[in-house]
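The number in the numbering used here is simply the position in the sequence shown, starting from 1, with 48 added.
Before any comments, here is the structure.
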Amino acid sequence: MVTEAVRIATLKGYDVLDTTAEPAFDALAHRIATTFAVRSAVVSFIDEDRQWYKARHGVDDPSVHRSLSFCTHSLDSDDVTVVPDARSHPMFRSSPFVTGTAGIRFYAAAPIKALNRARLGTVCIFDPHPRAEGMSEREKRHLSSFAAHVVELLEARRNASRFRARAAGASF
49 MVTEAVRIAT
59 LKGYDVLDTT
69 AEPAFDALAH
79 RIATTFAVRS
89 AVVSFIDEDR
99 QWYKARHGVD
109 DPSVHRSLSF
119 CTHSLDSDDV
129 TVVPDARSHP
139 MFRSSPFVTG
149 TAGIRFYAAA
159 PIKALNRARL
169 GTVCIFDPHP
179 RAEGMSEREK
189 RHLSSFAAHV
199 VELLEARRNA
209 SRFRARAAGA
219 SF
């Protein structure tokens, strides 16, 4: 089991928090929303205090306090979290995201797992319409594959950064 300290260190090692928008991540969030026919999709990373959105579709705010985050609960499992109707879920029914103007009903999240198995955040989808059927096993696998793709993007980003640093330090 990866400790919270290792999880945070791994997340910070990717140097992704508070970075500017990147087309690959933004396109992925749009594709996720389209694939699952939901109003909102985010690629999010969870640090000590907040859930920060690297990419978002149908969401205005760039982050939410961790204490209000649905996704922070998804860090506890390697499985996809599915909430067919948040109004009836004991953990979420009193959330301002359920009772307020966001009106979240359906929610699902797949953890973004680094190579060391640390869960860095989630790929999550949510919608104002409940889905009594939840998600099929195929849909869960598909959402998990999007989360795995985020790790590929993170690794490519980090490798490119290391290459640039080496190239800048090299003398020709």
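Note that beta-carbon positions come from the ideal geometry of N, C-alpha and C, so glycine has one too.
Values in this document were obtained by computation on a predicted structure and should not be read as measured data.
- Annotation: threonine 67 is outside any alpha helix (DSSP H) and is labelled neither H nor E by DSSP.
- Arginine 205 is a Cβ neighbour of valine 64, given a cutoff of 9 Å.
- With contacts defined as CB atoms closer than 9 Å, valine 198 and valine 91 qualify as a contacting pair.
- With a cutoff of 9 Å on beta-carbon distance, valine 128 and histidine 137 are scored as not near each other.
- For aspartate 74, the CB contacts under 6 Å within the same chain, skipping 5 residues up- and downstream, are Ala103 in chain order.
- Each of Ala157, Ala77, Thr67 was checked against the Cα of aspartate 124, and the nearest Cα belongs to Ala157.
- Contact check between the region 209–219 and the region 165–179: fewer than three CB pairs, one atom from each, fall below 8 Å, which does not count as touching.
- For glycine 169, the pairing in a beta bridge is given by DSSP as Phe93, Ile160.
- A distance below 8 Å between beta-carbons, with the five flanking residues on each side excluded, links serine 192 to the following residues of its chain, in chain order: Val128, Ala158.
- Counting only runs of 3+ residues, the beta strand (DSSP E) found wholly inside the region 94–150 occupies 98–105, 111–113, 129–131, in chain order.
- Around the CB of arginine 98, 16 or more other CB atoms lie within 10 Å, so the residue is classed as buried.
- Contact annotation, phenylalanine 194 with isoleucine 80: C-beta distance approximately 5 Å; criterion of less than 8 Å satisfied.
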